[in-house]
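J.: So for the sequence shown, UniProt numbering puts the first residue at 1; every next one is plus one.
Even for Gly, the Cβ is constructed at its ideal location relative to N, Cα and C.
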Amino acid sequence: MAKTYVDKDTCIACGACYSTAPDVYDSDDEGYAFVKLPGGTEGFVDIPEEFLQDAMDARDGCPTESVKWED
1 MAKTYVDKDT CIACGACYST APDVYDSDDE GYAFVKLPGG TEGFVDIPEE FLQDAMDARD
61 GCPTESVKWE D
């Protein structure tokens, strides 16, 4: 199963990931992205199959490559 997390050190709060995959990513009070799935603030998180394509699109659309991926 694929896993994802957001590198907050490189995130520029552009909103690309959470507008592309709102079931997987969200923004904090400052606009920085995080994985909103259970455990999302603790590291890599499993992506449910039904959200996988949107999550891949979010990863591919991140201008700073802050959306990280692990197969």
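1. Applying the criterion that 16 or more other CB atoms from any shown protein chain within 10 Å of the CB defines a buried residue, is Thr-4 buried or exposed?
2. Mapping DSSP to helix, strand and coil, what is Ala-16?
3. Spatial neighbours of Thr-64 within its chain, please: CB distance less than 6 Å, with the 5 preceding and 5 following residues excluded, ordered by chain position.
4. Could you give the residue range of the beta strand (DSSP E) that holds Asp-26?
5. Less than 8 Å between the beta carbons of Ser-66 and Ala-21, yes or no?
6. Pull up the distance between the alpha-carbon of Glu-42 and that of Asp-60, whole angstroms please.
T.: Taking the structure as given:
1. One-based indexing of the sequence shown puts residue 4 at position 4. Residue environment: Thr-4 is assigned as buried (16 or more neighbouring CB atoms within 10 Å of its CB, all protein chains considered).
2. Along the sequence shown, one-based indexing puts residue 16 at 16. Three-state DSSP puts Ala-16 in a helix.
3. Here the question's residue 64 lines up with position 64 in the sequence shown. Only residues of its own chain outside the window of five on either side were considered, and among them Thr-10, Ile-12 have a CB closer than 6 Å to the CB of Thr-64, listed in chain order.
4. Here the question's residue 26 lines up with position 26 in the sequence shown. It spans 25-27 - the beta strand (DSSP E) in which Asp-26 sits, taken as one unbroken run.
5. As a working note, residue 66 is residue 66 in the sequence shown. As a working note, residue 21 is residue 21 in the sequence shown. For Ser-66 and Ala-21, no; Cβs fall outside 8 Å.
6. Indexing the sequence shown from 1 puts residue 42 at position 42. Indexing the sequence shown from 1 puts residue 60 at position 60. When rounded, the distance between both Cα atoms is 22 Å.
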